[in-house]
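Residue numbers (my numbering), protein chains in the order written: chain A, 237 to 643; chain B, 97 to 470. All C-beta atoms, glycine included, are put in the ideal place defined by N, C-alpha and C.
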């Protein structure tokens with residue numbers, strides 16, 4: 237708790253808690269209202285085109301977000317061990333294995349696990365793991381598995397990749413029509429996409445406000461307040477929440493109020509947070525005045541759906557997700573962030589659980605340093621599994637890095 | 097009965113193939129100075145297109161001395177680390193190019209790193225569909241293949257058209273047919289021999305391979321004998337760069353009668369062709385869509401399990417060994433449902449994690465106990 241007291245919490249956090257509590261309560265009691273209202277429950281990946289599912293009034297829950305929640309609740313280790321006892325390797329993604337652990341042994345999982353799905357929907361724009369993870373879920377629950385295959389983009393989006401994704405969307409629509417008994421309404425999809433864009437636009441603006449010196453937000457703020465853009469994208473609640481948050485952050489900027497007591501160093505973060513030790517880890521930086529003014533991960537949900545045919549726009553948006561792009565693209569992204577946010581350095585979390593994010597980081601680090609002249613640090617850990625967090629070696633590296641920047 | 101000439105020639109050719117397999121392409125420049133080799137990593141790279149563009153596909157394997165390149169973290173498979181550490185000092189500089197297939201997250205990343213530090217211009221990644229049965233997957237894959245052919249043509253300054261693709265397709269079918277004959281003999285031949293002969297077909301020029309295997313097969317058929325009391329095993333897994341595991345199986349009284357490794361028979365398998373399409377590229381692609389999938393692709397939830405179960409039954413395998421290369425996520429994921437499904441079907445299963453293809457004392461103890469328990 238001592239660590240958390242130094243953290244300047246936003247007032248909006250109270251509203252965020254209400255929003256997320258309500259979302260999880262609705263999910264938990266879905267069995268009471270889902271069937272009568274003919275609204276199936278889907279487990280979906282964070283990069284799935286949820287707007288399409290919402291158009292069929294499907295209630296979506298997010299095992300990845302739940303994985304983060306398990307980690308902050310210190311439940312991941314026990315859940316991973318359950319999965320490992322069932323044969324899953326400890327080297328696999330800890331979101332996935334902790335989720336499988338929660339399925340196998342719900343009584344040790346926060347909220348006794350997620351409610352049983354009627355279908356599982358994966359989109360492989362974030363990694364290849366989701367295919368295997370959702371196959372395992374579909375086998376376990378004996379429910380339909382839907383995979384949207386968004387081809388990895390070695391360069392720019394291609395016509396044939398877009399057409400392929402579009403074909404799969406059309407197929408998804410016909411499957412959802414059968415499953416829900418509802419007809420597809422393009423107008424409804426358009427409205428949901430507009431709501432998505434509203435929230436995404438506001439999230440983008442909020443992130444943009446951190447260009448101010450001092451920055452009104454630090455890394456943990458971004459990680460905490462990203463929850464609605466992931467789980468409630470395409471709803472009025474998400475858009476309303478981000479309007480509230482934007483007003484508060486804007487006021488901080490107007491008052492020149494820093495997220496830290498005193499901002500001395502501005503940093504860019506790359507990769508998912510170390511949820512198991514988030515405050516402890518970020519405190520290593522904040523106690524020395526180092527603020528994470530922006531990051532690559534929470535920015536993954538700031539891609540708007542372009543105007544035009546909603547299906548085509550969705551196909552492009554969800555295929556062009558940054559994790560589905562080349563190292564050149566990713567390096568440019570960090571270079572741009574460093575320039576735009578006037579950062580003094582960047583920190584990369586080499587995340588054992590997330591290979592597509594992490595394996596290219598060294599190449600990206602060199603390129604970014606070469607291009608910007610700004611130093612970059614790599615720390616190895618895991619987004620959810622506390623076993624991979626070696627506190628002292630990490631602290632030593634962080635201290636040495638910050639001392640270099642302070643010189 | 098073979099006459100003496102045939103016999104000597106056959107034995108000679110077997111020696112050649114074993115030698116090539118042991119070298120994994122290391123002596124390509126001395127042995128085949130007139131050939132241009134094109135490096136590849138995965139069986140989903142259409143070899144036909146490399147051949148059509150006038151090059152020889154060379155599967156890239158890590159060496160037994162594993163390097164740890166600074167560009168990759170420790171939690172990365174030894175295939176990626178090993179090949180990158182060979183590439184960095186220039187081991188592959190003579191190759192005309194490098195063909196990556198988008199398979200797992202690691203290969204996705206390795207392709208990007210390779211482009212950055214080995215060669216920007218000579219590195220190409222084809223991205224086949226993951227969902228092989230998805231609507232639009234065949235058309236998408238065909239266009240990916242056409243783009244690859246174009247890129248290969250540019251790389252080798254050739255202009256491959258239909259006739260070159262047809263000739264390459266014919267050659268590959270010949271290779272696969274001969275590999276199929278060899279695979280039929282597998283229960284009656286030493287496991288490490290079949291493994292080596294199949295790997296040779298991924299590291300030497302394909303015409304030479306066809307000729308050598310054609311000459312070797314009659315001798316192999318003559319030498320083939322029933323496995324006797326040997327325990328019949330099915331093996332599934334990813335890349336194996338040497339035959340050490342197969343030798344150990346033989347030493348411990350086992351026989352690999354069915355093989356589903358990336359570098360084993362799965363690489364060569366020719367599934368029954370539904371129809372010959374007028375579009376040659378589509379015909380070619382159909383084989384990659386229809387072949388038994390690796391864990392990185394999906395053609396239905398139980399397609400792999402059903403295939404392996406039926407393969408084990410056809411070959412009379414009493415048990416299955418699932419090999420996982422450390423940090424190979426797709427195979428590690430599949431190990432769980434495969435082990436359960438095969439056990440449910442009455443087939444005993446051993447899951448073994450290996451750092452690379454090499455096996456040591458620890459593996460011997462486990463394998464021995466497993467084989468003895470059968």
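Item	Value
What separation, rounded to the nearest whole angstrom, lies between the Cα atoms of residue 103 (chain B) and residue 291 (chain B)?	21 Å
Between which residues of its own chain and residue 392 (chain B) is the CB-CB distance below 6 Å, once the five residues before and five after are set aside?	199, 200, 426
Does the stretch 400-414 of chain A come close enough to the stretch 230-248 of chain B that 3 or more CB-CB pairs lie under 8 Å?	yes
Go ahead and label residue 346 (chain A) buried or exposed: buried means 16 or more other beta carbons lie within 10 angstroms of its beta carbon, across all protein chains shown.	buried
Can you list, in chain order, the residues of the stretch 568-600 of chain A whose Cβ is nearer than 7 Å to any Cβ on chain B?	586, 588, 591, 592, 594, 595, 596, 598, 599
What residues from chain A crowd round residue 423 (chain B), counting only those whose CB sits closer than 7 Å?	327
So does the stretch 326-338 of chain A actually touch the stretch 285-293 of chain A, counting three or more Cβ pairs closer than 8 Å?	no
Rounded to whole angstroms, what's the CA-CA distance from residue 455 (chain A) to residue 251 (chain A)? Just pull it up for me.	19 Å
Take residue 535 (chain A) and list the residues in its own chain whose beta-carbon comes closer than 7 Å to its own, dropping the five residues that flank it on each side.	443
Could you give the DSSP three-state label for residue 238 (chain A): helix, strand or coil?	Residue placement at residue 238 (chain A) is flagged as unreliable, the pLDDT there being 43, under the threshold of 50; a coordinate-derived value is accordingly withheld.
Closer than 7 Å, CB to CB, is residue 429 (chain B) near chain A or not?	yes
Would DSSP call residue 153 (chain B) helix, strand or coil?	strand
Quick one: grab the DSSP three-state call for residue 267 (chain B).	helix
For residue 368 (chain A), which residues in chain B fall below 8 Å Cβ to Cβ?	391, 425, 426, 429, 430
Hey, residue 552 (chain A) and residue 398 (chain A) are a contact pair by Cβ (cut 8 Å); roughly how many whole angstroms apart?	6 Å
Taking 7 Å as the cut-off, decide whether the C-beta atoms of residue 435 (chain A) and residue 463 (chain A) are in contact.	no
Closest to residue 350 (chain A) by C-alpha separation, out of A:375, A:321, A:554, A:261, would be which residue?	A:261
Of the residues that make up the stretch 356-381 of chain A, which ones have a beta carbon closer than 9 Å to any beta carbon in chain B?	360, 363, 364, 365, 367, 368, 369, 371, 372, 374, 375, 381
Listing by chain order, which chain A residues have their CB less than 8 Å from the CB of residue 268 (chain B)?	Correct list: empty, because the minimum Cβ distance to chain A is about 24 Å.
Cutting at 8 Å between CB atoms, please list the residues of its own chain near residue 325 (chain B), excluding the five before and the five after it.	349
Can you give me the start and stop residues for the alpha helix (DSSP H) that residue 408 (chain B) sits inside?	399-411
Using three-state DSSP, classify residue 101 (chain B) as helix, strand or coil.	helix
Are there 16 or more other CB atoms within 10 angstroms of the CB of residue 310 (chain A), so buried, or fewer, so exposed?	exposed
Out of A:415, A:625, A:384, which has the shortest C-alpha to C-alpha gap to residue 354 (chain A)?	A:415
So is residue 488 (chain A) buried or exposed if we call it buried at 16+ other beta carbons inside 10 Å?	buried
Distance check for residue 445 (chain B) and residue 470 (chain B), CA to CA, integer angstroms please.	10 Å
Examine chain B for any beta-carbon lying closer than 7 Å to the beta-carbon of residue 266 (chain A), and answer yes or no.	no
Could you pull the start and end residues of the beta strand (DSSP E) that residue 221 (chain B) belongs to?	219-222
Say whether the stretch 350-366 of chain B touches the stretch 279-294 of chain B, bearing in mind that this needs 3 or more beta-carbon pairs closer than 8 Å, one atom from each stretch.	yes
Between which two residues does the beta strand (DSSP E) carrying residue 357 (chain B) extend?	350-357
If you reduce the DSSP assignment to three classes, tell me which class residue 451 (chain A) lands in.	coil
Throw me the rounded Cβ distance for the residue 219 (chain B) and residue 246 (chain B) pair, which I believe falls under 8 Å.	In fact, because the Cβ distance is near 15 Å, the residues do not count as touching under 8 Å.
Within the continuous beta strand (DSSP E) that includes residue 133 (chain B), where are the two ends?	133-136
Whole angstroms is fine: what's the gap from residue 575 (chain A)'s alpha carbon to residue 610 (chain A)'s?	10 Å
Counting only Cβ-Cβ distances shorter than 7 Å, please list the residues of the stretch 165-192 of chain B near chain A, keeping chain order.	166, 167, 168, 169, 171, 172
Please confirm if the stretch 494-512 of chain A is in contact with the stretch 522-531 of chain A, defined as three or more CB-CB distances below 8 Å between the two stretches.	yes
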